[in-house]
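Have a look at the structure below before the remarks.
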Amino acid sequence: MVKLLAGSAGSGKTKIMIDNANKEIENVRGTFVYVESTDKHMQLLNSKIRFVSTEDIKIDSFSAMYGFICGLTSANYDIQKIYIDGILKIVKEDESKLAEFLEVIEKISNKTETEIMISATLQNSDTKKSLEKYIVEE
Numbered sequence: 000m001v002k003l004l005a006g007s008a009g010s011g012k013t014k015i016m017i018d019n020a021n022k023e024i025e026n027v028r029g030t031f032v033y034v035e036s037t038d039k040h041m042q043l044l045n046s047k048i049r050f051v052s053t054e055d056i057k058i059d060s061f062s063a064m065y066g067f068i069c070g071l072t073s074a075n076y077d078i079q080k081i082y083i084d085g086i087l088k089i090v091k092e093d094e095s096k097l098a099e100f101l102e103v104i105e106k107i108s109n110k111t112e113t114e115i116m117i118s119a120t121l122q123n124s125d126t127k128k129s130l131e132k133y134i135v136e137e
């Protein structure tokens with residue numbers, strides 16, 4: 000299952016992601032991975048959550064992020080949840096390509112039974128409409 004937490008800049012998406020991760024870790028028997036563009040919020044996460052900062056990893060496209068997710072799930076079969084905070088900050092691509100990316104990773108998510116939650120700042124209302132099936136309420 001793939002979920003998208005979409006909103007405007009400064010709407011509290013990161014806080015929601017962190018709060019949800021810290022609540023959900025208690026129900027996870029496998030591995031929980033939290034991905035962010037910097038290590039700014041690492042100390043706010045439960046120590047049981049595997050934190051990955053993309054600062055030193057060259058993930059600058061949706062294609063690279065796809066490869067990263069494939070690598071995570073193929074190397075570790077017990078990953079239950081992956082949270083990616085600020086996907087558009089990480090990949091530095093246009094939000095119009097997000098729908099195609101979500102469709103592709105949904106296949107991985109279903110195959111590996113991994114829940115993937117992604118947050119994104121969306122500017123275009125048409126983009127938001129095209130992503131409705133993935134969007135969860137803030």
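Take 0 as the starting number for the sequence shown in numbering that gives the first Met the number 0 and just add one per residue.
The beta-carbon is built from N, C-alpha and C at its ideal position, and this holds for glycine as well.
Sub-9 Å separation of residue i and residue j beta-carbons
i      : j      : result
Ile115 : Lys88  : no
Tyr33  : Phe50  : yes
Asn45  : Asn21  : yes
Glu35  : Gly66  : no
Ile107 : Ile68  : yes
Phe61  : Glu23  : no
Thr53  : Ser118 : no
Leu71  : Leu97  : no
Phe100 : Met64  : yes
Integer-rounded CB distance, given that residue j should sit under 8 Å from residue i
i      : j      : result
Ile17  : Leu43  : 5 Å
Val90  : Asp55  : Not quite, the Cβ-Cβ distance comes to about 16 Å (not below 8 Å), so this is no contact.
Gly6   : Thr120 : 7 Å
Glu94  : Gln122 : 7 Å
Thr113 : Ile78  : 5 Å
Close-in-space but distant-in-sequence residues of the same chain around residue i (CB under 6 Å, 5 per side omitted)
i      : result
Ile134 : Leu3, Ala5
Tyr82  : Met16, Ala20, Tyr33, Met116
Thr111 : Thr72
Met41  : Phe50
Residues bridged to residue i (per DSSP)
i      : result
Arg49  : Val32
Gly6   : Thr120
Ile81  : Val32, Ile115
Ile134 : Leu3
The alpha helix (DSSP H) enclosing residue i, as first and last residue numbers
i      : result
Ile58  : Looking at the DSSP string, Ile58 is not in any alpha helix (DSSP H), and its letter there is neither H nor E.
Thr13  : 12-23
Lys216 : Because residue 216 is not part of the residues shown, which for the chain are 0 to 137, the question remains open.
Contact set for residue i: own chain, Cβ-Cβ below 7 Å, skip 5 residues either direction
i      : result
Gly29  : Asp77, Ile78, Gln79
Val103 : Tyr65
Close-in-space but distant-in-sequence residues of the same chain around residue i (CB under 8 Å, 5 per side omitted)
i    : result
Ala8 : Thr120
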